[in-house]
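Only one structure is covered here, and it is reproduced in the block below.
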Amino acid sequence: MRHFLILLRRDLGLLLGGERRGATLLPVLFFLAVAMLYPFAVGPDAPVLARTGGGVLWIAALLAAILPLDRLVEPDLELGVFDQLALRGISEELAMSARMLAHWLSFAPALMLAALPASALVGIDAATLKTVELGLLAGTPGLAALGVLVAALTAGLRGGAALGGLLVIPLAVPLLVFGAGSLSTGGAAGIVLTAAFSLVLWAITPFAAGAAIRSARGQ
Amino acid sequence: MQECRLSANNLACQRGERLLFRGLALELGPGQALQVKGANGIGKSSLIRILAGLLRPLVGTVEREGSVGLLDERPALDPALPLGKALGFWQRLDGPGHAELAQLGLSGLLEVPVRYLSTGQKKRAALARLLGQEAAIWLLDEPLNGLDARGVAMVEDLVARHCTQGGIALVASHQPIALPGGAAIDLADFTA
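Protein chains in written order, with my numbering: chain A, 1 to 219; chain B, 1001 to 1192.
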């Protein structure tokens, strides 16, 4: 547990703080930019915007979560951090758990906050906004887990970052189907399914990502 | 210093299609040092990684007793962070070891981001990380790269002190380095 907290502190510092603070704001600005551009592209048709706005926010959130992918695992692999951790008896699984939580903390709360102004931009009402926010709360942990999983799998590959972004999208479809689907039914069922999918990802990612890093090392 | 031992038996290593070395055996006890010589690409780094348990040998066994400290070409220090903070992370994991930063020539650099450090300064920083770990078995992969003459003398002195305290040091280097006991093996003798 002590090790987990030390790792989490470092990961949070790297993802949130220091000189790369601008890079942390980037997903949020990206998210807001999509929400701002959407009414321009579709036209000022209020009912259409209100009906589709929630879904657009979901897509924007998904794409925003992909942005920091190349910073999640690759730099540490190149620096030999995982080797040094392994020598100290700290497993890749523990390192990946901390990375996953840090990644989620670094983008999800800010994204959910940004969903407030974004909802005004796409013109959705308060009830829909509430569904979007609950859906994001249930879905962003899954997105964070997917991000770490794919970043670990593609770390060390040439063009891994671009490939990673492409890989996350199909894997995130279930999250999108249930999360954004809850908007049309307005019910809790979709959100619960989103949360369930997030939990599954949350549970398997440390092991799958840890194995990926070990195999990347063996080469 | 904890009880330590490092032994390898009948090691062979294959990288890709190439068999790098075979039939390699070594046995190191407390206070012993060994230099692994050999030309570039002969498998020194692979041997170090096998001994550290980070790479599986093709055949053969490695037995380790005691904690392992690894120093290779990657400093494992975050480039964007000031040196003090980057070292602080490992210090928190390793506990309050005492790397004498002044002795390593780092005392004035703690506020400087790691990526602005020169090659030699990064190597010194990695040495500080290694010292802080207080590991019994040192595996040093080309520790002299990028160091000036004073740096080389410093590494020799650190290894000598480590061995006096009962530690083990295995140094892979193509450069001459004075180690306590002066033992050395040449990987060229084990090539397939």
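Virtual Cβ for every residue (Gly too), placed ideally from N, Cα, C.
Proximal residues of chain A, C-beta to C-beta of residue i below 7 Å
i, result
"valine 1068 (chain B)", "Leu87"
"leucine 1054 (chain B)", "Asp83, Ala86 and Arg217"
"aspartate 1078 (chain B)", "Leu14"
"arginine 1092 (chain B)", "Ile6"
Neighbourhood of residue i by C-beta distance below 6 Å, restricted to the same chain and skipping five residues each side
i, result
"valine 1068 (chain B)", "Ala1052, Ala1135 and Ile1137"
"glycine 181 (chain A)", "Gly190"
"glycine 1084 (chain B)", "Leu1110"
"asparagine 1009 (chain B)", "Ala1025, Gly1060 and Thr1061"
Residues of its chain near residue i, where Cβ-Cβ distance is below 8 Å and the 5 sequence neighbours each way are ignored
i, result
"aspartate 125 (chain A)", "Ala50"
"proline 982 (chain B)", "Given a span of 1001 to 1192 for chain B in the structure shown, any question on residue 982 (chain B) remains unanswerable."
"glycine 179 (chain A)", "Trp58, Gly135, Leu136, Ala138, Gly139, Gly190, Ile191 and Thr194"
"arginine 1056 (chain B)", "Ile1050"
"valine 42 (chain A)", "Val48, Leu49 and Thr52"
"asparagine 1040 (chain B)", "His1174"
"glutamine 1103 (chain B)", "Met1154"
"threonine 131 (chain A)", "Gly54, Ser182, Leu183, Gly186 and Ile191"
"phenylalanine 30 (chain A)", "Ala60, Leu63, Ala64 and Leu67"
C-beta neighbour in chain B for residue i, strict 7 Å
i, result
"aspartate 11 (chain A)", "no"
"leucine 79 (chain A)", "yes"
"isoleucine 6 (chain A)", "yes"
CB contact check: residue i to chain A, cutoff 7 Å
i, result
"alanine 1012 (chain B)", "no"
"leucine 1147 (chain B)", "no"
"arginine 1018 (chain B)", "no"
"leucine 1179 (chain B)", "no"
"alanine 1172 (chain B)", "no"
"leucine 1058 (chain B)", "no"
"phenylalanine 1089 (chain B)", "yes"
"arginine 1150 (chain B)", "no"
Proximity test, residue i beta-carbon vs the ligand FAD heavy atom, cut-off 6 Å
i, result
"lysine 1122 (chain B)", "As far as ligands go, the structure on display features none, and thus does not contain the ligand FAD."
Extent of the continuous alpha helix (DSSP H) run through residue i
i, result
"threonine 1191 (chain B)", "Segment: none, threonine 1191 (chain B) is in no alpha helix (DSSP H) and carries neither H nor E."
"glycine 210 (chain A)", "188 to 217"
"cysteine 1163 (chain B)", "1149 to 1164"
"arginine 158 (chain A)", "Unbroken run through arginine 158 (chain A): none, as it is neither H nor E."
"isoleucine 6 (chain A)", "2 to 16"
"alanine 1178 (chain B)", "Careful: alanine 1178 (chain B) lies outside any alpha helix (DSSP H) and carries neither H nor E."
"glutamine 1091 (chain B)", "1083 to 1094"
"leucine 183 (chain A)", "173 to 185"
"leucine 63 (chain A)", "46 to 66"
"arginine 88 (chain A)", "Per DSSP, arginine 88 (chain A) belongs to no alpha helix (DSSP H) and is neither H nor E."
"glycine 1132 (chain B)", "1119 to 1133"
"glutamate 945 (chain B)", "Given a span of 1001 to 1192 for chain B in the structure shown, any question on residue 945 (chain B) remains unanswerable."
Opening and closing residue of the beta strand (DSSP E) in which residue i lies
i, result
"leucine 1058 (chain B)", "Run containing leucine 1058 (chain B): none; DSSP gives neither H nor E here."
"serine 1007 (chain B)", "1005 to 1015"
"isoleucine 1050 (chain B)", "Per DSSP, isoleucine 1050 (chain B) belongs to no beta strand (DSSP E); it is in the alpha helix (DSSP H), 1044 to 1052."
"aspartate 1141 (chain B)", "1137 to 1141"
"leucine 77 (chain A)", "Looking at the DSSP string, leucine 77 (chain A) is not in any beta strand (DSSP E); the run it does join, the alpha helix (DSSP H), is 74 to 79."
"glycine 1182 (chain B)", "Looking at the DSSP string, glycine 1182 (chain B) is not in any beta strand (DSSP E), and its letter there is neither H nor E."
"valine 1068 (chain B)", "1068 to 1071"
"glutamine 1035 (chain B)", "1033 to 1037"
"alanine 1193 (chain B)", "Examination of residue 1193 (chain B) is not possible in this model, given that chain B is present from 1001 through 1192 alone."
Residues that residue i contacts on chain A, provided the C-beta gap is smaller than 8 Å
i, result
"aspartate 1157 (chain B)", "Residues of chain A passing the Cβ test: none, with the nearest at roughly 24 Å."
Cutoff 7 Å; reference residue i; Cβ partners in own chain excluding five residues on either side
i, result
"tryptophan 104 (chain A)", "Thr140, Pro141 and Ala144"
"aspartate 76 (chain A)", "Phe82"
"alanine 102 (chain A)", "Leu8, Asp11, Leu12 and Leu15"
"glycine 165 (chain A)", "Ile66 and Leu69"
"aspartate 1186 (chain B)", "Lys1037 and Gly1038"
"alanine 152 (chain A)", "Val73, Met96, Ala209, Ala212 and Ile213"
Chain A contact residues for residue i, given Cβ-Cβ distances below 9 Å
i, result
"aspartate 1072 (chain B)", "Gly80 and Asp83"
Chain-ordered chain B contacts of residue i [CB-CB under 7 Å]
i, result
"histidine 3 (chain A)", "Leu1093"
### Message
Ignoring anything shorter than 4 residues, give me the alpha helix (DSSP H) runs that lie fully in the segment 101 to 154 of chain A, in order along the chain.
### Response
126 to 154
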